[in-house]
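Novice:
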Amino acid sequence: LPQERRDLRARLESGQAELERLREAEQERAEQQKRSSQLEKEVAVLREKIHHLDDMLKSQQRKVRQMIEQLQNSKSVIQAKDAAIQELKERVSYLEAENLEMHDRIEHLIEKQVSRGGSGARARSKSEYASRSGKSWNSGQECQDLSRECWD
Numbered sequence: 001l002p003q004e005r006r007d008l009r010a011r012l013e014s015g016q017a018e019l020e021r022l023r024e025a026e027q028e029r030a031e032q033q034k035r036s037s038q039l040e041k042e043v044a045v046l047r048e049k050i051h052h053l054d055d056m057l058k059s060q061q062r063k064v065r066q067m068i069e070q071l072q073n074s075k076s077v078i079q080a081k082d083a084a085i086q087e088l089k090e091r092v093s094y095l096e097a098e099n100l101e102m103h104d105r106i107e108h109l110i111e112k113q114v115s116r117g118g119s120g121a122r123a124r125s126k127s128e129y130a131s132r133s134g135k136s137w138n139s140g141q142e143c144q145d146l147s148r149e150c151w152d
């Protein structure tokens with residue numbers, strides 16, 4: 001009987017130890033399940049945040065593309081206006097030179113009429129006026145017919 005008692009006690013202790021291990025394993029599984037559930041929630045929240053950030057990034061990229069397009073359009077407009085300004089500056093230079101030439105011709109005619117044959121100031125050409133001002137005009141000769149009338 002003592003032997004049987006020892007065997008039963010050993011089986012009891014073994015059964016209790018096994019039961020304790022199973023309870024611990026079950027508790028670990030419950031903790032793992034809880035942790036797994038938490039991680040799934042965190043993953044869902046992070047996915048949501050990433051989606052939101054992607055949307056914001058796409059929106060900002062669209063805005064940047066629109067701003068670049070506006071800048072390019074503005075640059076084209078500015079270049080066109082700069083070209084028009086340069087053309088006007090050249091035109092003004094040409095007209096100033098032509099104006100000076102006309103004044104010289106008028107002075108020449110007046111001197112010619114006053115002195116009847118005396119030599120007056122030499123009339124300058126348009127290219128001399130343009131080179132004197134440092135500018136040039138490569139346009140047509142709009143006023144040339146008028147300036148010819150001043151010579152004889």
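In UniProt numbering, the protein residues as written are 1 to 152. All C-beta atoms, glycine included, are put in the ideal place defined by N, C-alpha and C.
#1: Per DSSP, what kind of secondary structure is residue 121 in: helix, strand or coil?
#2: In whole angstroms, give me the CA-to-CA distance for residue 62 and residue 36.
#3: For the alpha helix (DSSP H) that residue 47 lies in, which residues bound it at each end?
#4: Roughly how many whole angstroms lie between the Cα atoms of residue 90 and residue 104?
#5: Would you kindly work out how many angstroms separate the C-alpha atoms of residue 18 and residue 43, rounded to a whole number?
Specialist: Let me spell this out:
#1: With a pLDDT of 46 at residue 121, under the threshold of 50, the modelled position of that residue is not reliable, and the figure given next carries that caveat. DSSP places residue 121 in coil when its eight states are reduced to three.
#2: One C-alpha to the other measures close to 39 Å.
#3: Its alpha helix (DSSP H) spans residues 2 to 115.
#4: C-alpha separation (whole angstroms): 21 Å.
#5: For residue 18 and residue 43, the distance between alpha carbons rounds to 36 Å.
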